[in-house]
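Peer 1:
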Amino acid sequence: MDMIPTRDGFGQELVALGKERDDIVVVSADLEDATRAEYFKKEFPDRFFNLGIAEQDVIGTAVGLSMQGYVVFASSFAVFMTNRAYDQIRIDVCQNNANVKIVCSHAGITVGEDGATAQCFEDFAIMRVLANMSVVCPVDTNEAKSATRWMVDHYGPVYMRTSRAAFPVLTKEDDVFEFGKARIMREGKDVTLIGSGLMVYESLQAAEILKKEGIDARVINLHTLKPLDEDALVACAKETGAIVTAEEHQIIGGMGSAVAEVLSQKYPTPIEMVGIKDVYGETGDPQGLLKKYHLKDVDIAEAAKKVIKRKK
Amino acid sequence: MSAKKVDVKALQKTAIELRKGILQVVNSAKSGHPGGSLSAVEILISLYGYKMNHKPEDPNWEDRDRLIISKGHASPAAYVTLSHFGYFPKEELVTFRKLGARLQGHVHRKVPGVELNTGSLGHGLSVANGMALGARMRKKDFKAYCLMGDGEIQEGSVWEAAMTAAHFKLDNVCAIVDYNKIQENGLISDIMGLEPLAEKWKSFGWEVVSVDGHNLDELIKALDRFGTIKGKPMVIIANTVKGKGISFMENTCKWHGKAPNDEQLKEALSELE
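Protein sequences, first through last, are from chains S and V. Every position in the first sequence, counted from 1, becomes a number in the working numbering once 5 is added. Every position in the second sequence, counted from 1, becomes a number in the working numbering once 17 is added.
1. Residues in its own chain within less than 8 Å of residue 110 of chain V by CB, not counting five upstream and five downstream?
2. Quick one: Cα of residue 244 of chain S to Cα of residue 194 of chain S, how far?
3. Taking all protein chains shown into account, do 16 or more other C-beta atoms lie within 10 angstroms of the C-beta of residue 54 of chain V, making it buried, or fewer, making it exposed?
4. Between which two residues does the beta strand (DSSP E) holding residue 254 of chain S run?
5. Does the separation of the CB atoms of residue 169 of chain V and residue 138 of chain V fall below 8 Å?
6. Quick check on the DSSP output: what are the complete alpha helix (DSSP H) runs of length 4 or more inside the region 250-313 of chain S, in order along the chain?
7. Run through chain V and tell me which residues come within less than 8 Å of residue 96 of chain S, C-beta to C-beta.
8. Verify the CB distance criterion: does residue 148 of chain V have a CB-CB separation below 8 Å to chain S?
9. With DSSP as the reference, label residue 58 of chain S as helix, strand or coil.
10. Would you tell me roughly how many angstroms separate the C-alpha atoms of residue 239 of chain S and residue 273 of chain S, rounded to the nearest one?
11. Assign residue 253 of chain V to one of three DSSP states: helix, strand, or coil.
12. Please state whether the Cβ-Cβ distance between residue 93 of chain S and residue 140 of chain V is less than 8 Å.
13. Helix, strand or coil, according to DSSP, for residue 160 of chain S in the structure here?
14. Nearest to residue 29 of chain S by CA position, among S/150, S/130 and S/67, is which residue?
15. Give the DSSP-derived three-state secondary structure of residue 200 of chain S in the structure shown.
16. If you follow the beta strand (DSSP E) that residue 191 of chain S is in, where does it begin and where does it stop?
17. How would you write the range of the beta strand (DSSP E) that residue 125 of chain S sits in, first residue to last?
18. From the DSSP output, in three-state form, read off residue 263 of chain V for me.
19. Less than 8 Å separating the beta-carbons of residue 188 of chain V and residue 248 of chain V?
20. For residue 83 of chain V, which residues from the same chain have a beta carbon less than 6 Å from its beta carbon, with the 5 sequence-adjacent residues on both sides left out?
21. With DSSP as the reference, label residue 179 of chain S as helix, strand or coil.
22. Closer than 7 Å by C-beta to residue 302 of chain S: which residues in its own chain qualify, once you throw out the five before and the five after it? Chain order, please.
23. List the residues of chain S whose Cβ lies closer than 9 Å to the Cβ of residue 226 of chain V, in chain order.
24. DSSP three-state call for residue 147 of chain S: helix, strand or coil?
25. Is residue 31 of chain S buried or exposed, if buried means 16 or more other CB atoms sit within 10 Å of its CB?
26. Got a sec, what are the start and stop residues for the beta strand (DSSP E) residue 144 of chain V sits in?
27. For the region 62-94 of chain S, list every residue whose C-beta sits within 7 Å of some C-beta in chain V, in sequence order.
28. If we define contact as Cβ-Cβ less than 8 Å, is residue 56 of chain S a contact residue for chain V?
29. In terms of residue numbering, what span does the alpha helix (DSSP H) encompassing residue 208 of chain V cover?
30. Spatial neighbours of residue 179 of chain V within its chain, please: CB distance less than 6 Å, with the 5 preceding and 5 following residues excluded, ordered by chain position.
31. Return yes when the Cβ of residue 111 of chain S is within less than 8 Å of the Cβ of residue 39 of chain S, no when it is not.
32. Where does residue 19 of chain V land, buried or exposed, given buried means 16+ other C-beta within 10 angstroms?
33. Whole-angstrom Cβ separation of residue 306 of chain S and residue 277 of chain S, contact assumed at under 8 Å?
34. Just the C-alpha distance for residue 67 of chain V and residue 142 of chain S, rounded to the nearest angstrom, thanks.
35. Can you confirm whether residue 237 of chain S, when its beta carbon is compared against all beta carbons of chain V, has any partner nearer than 8 Å?
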């Protein structure tokens with residue numbers, strides 16, 4: 006299986022789009038080498054601005070550029086952009102409904118060795134709570150490409166999380182990202198495992214573990230966290246009667262919380278949530294960290310068995 | 018750049034009318050920010066009544082000069098000015114801060130002529146820079162102006178934007194600081210001093226002009242200089258008086274965010290006659 010960071014797909018598609026359209030502009034806070042926005046910089050230096058290590062200014066400037074009719078990508082690490090420039094994202098981008106795409110890499114615990122300050126576990130929570138904001142987390146490099154292509158034709162604020170770590174490539178190159186649509190990765194009837202990003206792969210692995218124990222697990226790639234595919238979530242709840250969510254994010258306020266917000270109102274169903282349990286991360290190799298913080302396939306499989314016991 | 022013809026006396030009369038309007042809308046809303054609105058009147062008049070290319074009947078005209086009102090709490094001054102210059106009917110001013118109104122408490126794009134929702138300080142200059150970069154890329158001649166409060170520039174983000182404008186040589190950006198020397202809880206110099214302010218901007222690579230911000234001749238002269246300066250942005254430090262024109266509102270933080278009652282309104286209006 007190919008292993009590619011989702012940031013690569015973003016950077017590559019941005020170049021392809023830059024060749025097709027002259028209204029795409031990229032603004033960076035000096036991390037374009039790491040976010041892969043530098044692929045665009047090399048091809049289109051006149052449409053690329055590195056504003057230095059100044060995330061607030063990056064977002065404000067992106068908004069001003071968008072008001073001249075540009076589709077503006079603002080890019081940095083998730084932790085710096087969403088935390089440092091939150092006020093600008095809330096007001097300049099979202100309250101003004103500016104056509105700014107915030108694409109940030111280095112989210113989740115798989116950031117690894119840089120440790121707690123760099124590992125962003127909060128971005129889903131604080132981005133999805135903003136009115137007018139759409140939130141996307143691609144499962145692999147192909148989906149990152151397709152989502153990048155989608156967002157230039159979608160007017161309005163978008164936050165997309167990409168990864169530093171190489172993620173298994175689970176989709177085909179010609180698969181099309183469907184905004185707001187949960188994607189079934191594996192059919193099953195006993196429990197639904199809903200994953201975000203890398204946790205979709207871990208969920209598929211968990212389904213294999215469960216299969217050996219006679220449990221038939223469905224796996225969903227919930228690449229769009231906002232707006233949520235409520236119909237698909239309710240269908241999964243009705244058809245399997247139990248849900249596990251898995252994400253490289255705090256359980257508080259994250260994707261699992263979003264799923265629970267829908268199901269508790271529309272079709273109350275037992276849910277177990279796999280994610281970061283109200284702590285910060287630490288230095289370590291990504292696989293070691295995933296194990297230590299209980300974000301592996303075995304943890305998802307355990308959660309599945311637990312939630313199945315809670316079925317009515 | 019050749020100076021346009023201007024009837025300064027007429028603009029001075031406009032200033033009196035706008036001050037009355039500010040007091041009336043804040044009184045009618047029973048809340049709002051009169052102090053920093055009254056200090057900004059001549060600045061706004063020099064822009065809308067003289068310098069800026071704009072079409073009130075076509076607020077989204079693509080070649081218009083842009084003004085970002087980054088001190089979003091100066092909404093009474095902004096709305097009264099926009100209404101005076103024909104962006105919307107004066108009758109609408111009484112809806113300021115009321116449920117269902119376009120005239121939101123802090124400046125909002127629902128209002129014709131407003132470019133950006135603001136109200137959290139220190140945001141506007143970055144957006145103005147972005148507009149100016151966009152203008153350069155699109156080979157447009159319009160200018161981006163940004164009105165900021167003096168307390169506002171205590172925000173670090175202002176200085177990020179100040180670096181950007183200078184680094185990218187944005188000579189189509191003009192910042193104006195309404196330097197009324199007072200913020201919500203007292204004197205700027207007591208709370209978090211800005212001096213030496215002109216030197217700060219100069220050291221950030223800006224052309225700096227200091228003027229009496231209530232003297233329309235000085236403001237007009239400074240604005241005419243903007244556009245002749247090439248290769249760097251310009252800031253006008255407009256020395257103003259908080260609460261200007263109303264004796265009991267001048268030079269105090271008490272009227273930063275407080276509305277005059279009917280009796281106080283009457284007294285204030287009589288001072289403007």
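For glycine and all other residues, C-beta sits at the position ideal for the given N, C-alpha and C.
Peer 2: Per the coordinate set shown:
1. 38, 41, 42, 45, 96, 97, 100 and 120
2. Cα-Cα distance, rounded: 6 Å.
3. buried
4. 248-255
5. Contact check for residue 169 of chain V against residue 138 of chain V passes: the beta carbons are separated by less than 8 Å.
6. 260-271 and 291-297
7. 134, 135, 136, 137 and 140
8. Judged by the 8 Å Cβ criterion, residue 148 of chain V is in contact with chain S.
9. coil
10. Roughly 9 Å separates the two Cα atoms.
11. strand
12. yes
13. coil
14. S/67
15. strand
16. In this chain, the beta strand (DSSP E) harbouring residue 191 of chain S covers 188-191.
17. Residue 125 of chain S -> no beta strand (DSSP E), and no H or E assigned at all.
18. In the structure shown, residue 263 of chain V sits in coil (DSSP, three-state: anything other than H, G, I, E or B).
19. In this structure, the beta-carbon distance from residue 188 of chain V to residue 248 of chain V falls below 8 Å.
20. 132, 148 and 161
21. Three-state result, residue 179 of chain S: coil.
22. 207, 210, 211 and 214
23. Near residue 226 of chain V there are no residues of chain S at all, since even the closest Cβ is about 23 Å away, more than 9 Å.
24. helix
25. buried
26. Here residue 144 of chain V belongs to no beta strand (DSSP E); instead the alpha helix (DSSP H) covers 141-154.
27. 62, 65, 66, 67, 68, 69, 70, 72, 73, 75, 92 and 93
28. yes
29. That run of the alpha helix (DSSP H) goes 205-208.
30. 221
31. yes
32. Residue confidence for residue 19 of chain V is low, a pLDDT of 49 falling below 50, so the modelled location carries little weight; the figure read from the coordinates is stated next. With fewer than 16 other Cβ atoms within 10 Å, it is exposed.
33. No, residue 306 of chain S and residue 277 of chain S are not in contact; Cβ-Cβ is about 11 Å, not under 8 Å.
34. 50 Å
35. no
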